[in-house]
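> Position 101 (the sequence shown) corresponds to 133 in my numbering; numbering is contiguous. Ideal Cβ positions, reconstructed from N, Cα and C, are used throughout, including at glycine. Only a predicted model underlies this, so the values are computations on that prediction, with no experimental measurement involved. Before we start, here is the structure in question, set down as structure tokens.
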Amino acid sequence: MRIPSTLLAIALAAGPAPLVLGCSHEATEAECQLIVDRNVELQMKAMNNPDPAAIQKKQEEVRQEMKDDLRTSCLGRKVTDAMMKCVRNAKTTDEISQCLR
33 MRIPSTLLAI
43 ALAAGPAPLV
53 LGCSHEATEA
63 ECQLIVDRNV
73 ELQMKAMNNP
83 DPAAIQKKQE
93 EVRQEMKDDL
103 RTSCLGRKVT
113 DAMMKCVRNA
123 KTTDEISQCL
133 R
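Quick look at the structure:
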């Protein structure tokens with residue numbers, strides 16, 4: 033099963049946005065990985081594959097594939113605690129994209 037990397041790339045490119053309201057900080061590697069992991073998880077569930085082991089395996093694969101993109105597109109960008117909470121609670125990849133705007 034192939035997760036469309038375009039959705040992940042869009043999420044990373046769209047956010048974290050440089051201009052955010054509230055108290056912000058630079059995104060950490062863990063926060064960037066969370067964004068990728070949630071995207072993968074929600075995409076797999078949308079494709080009717082909710083198996084936790086399969087999701088974890090795919091998350092690891094995608095993190096490895098996107099290692100350089102994470103560094104250039106996400107790491108160090110401005111995020112807020114509210115944005116990251118929104119990512120954690122998102123029910124769809126579209127919601128994640130909205131969280132990061």
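Provide the residue span of the beta strand (DSSP E) that contains THR112, from first to last.
By one-based count along the sequence shown, residue 112 stands at place 80. For THR112, the uninterrupted beta strand (DSSP E) run begins and ends at 110-112, by DSSP.
> Using the Cα positions of LYS117 and GLU73, report the straight-line distance between them to the nearest angstrom.
As a first step, residue 117 must be located in the sequence shown, where it is residue number 85. As a first step, residue 73 must be located in the sequence shown, where it is residue number 41. Between LYS117 and GLU73, the C-alpha separation is close to 16 Å.
> Would you mind reading off the limits of the alpha helix (DSSP H) that contains MET76?
Here the question's residue 76 lines up with position 44 in the sequence shown. Counting along the chain, the alpha helix (DSSP H) containing MET76 begins and ends at 61-78.
> Classify CYS64: buried if its beta carbon has 16 or more other beta carbons within 10 angstroms, exposed otherwise.
Against the sequence shown, residue 64 aligns to sequence position 32. By the 10 Å Cβ count, CYS64 comes out buried.
> Spell out a yes or no on whether the segment 91-109 and the segment 66-80 are touching, meaning 3 or more CB-CB pairs, one atom from each, closer than 8 Å.
yes
> Assuming contact is defined by CB atoms lying nearer than 9 Å, are ALA59 and ARG109 in contact in what I supplied?
In the sequence shown, the residue the question calls residue 59 occupies position 27. In the sequence shown, the residue the question calls residue 109 occupies position 77. Yes, these two residues count as a Cβ contact at 9 Å.
> Assuming contact is defined by CB atoms lying nearer than 9 Å, are ALA86 and MET76 in contact in what I supplied?
Position 54 of the sequence shown, counted from the start, is the residue given in the question as residue 86. Position 44 of the sequence shown, counted from the start, is the residue given in the question as residue 76. Yes.
> Between which two residues does the alpha helix (DSSP H) harbouring THR124 extend?
Your numbering for residue 124 matches position 92 in the sequence shown. Boundaries cannot be given for THR124, as no alpha helix (DSSP H) includes it and DSSP labels it neither H nor E.
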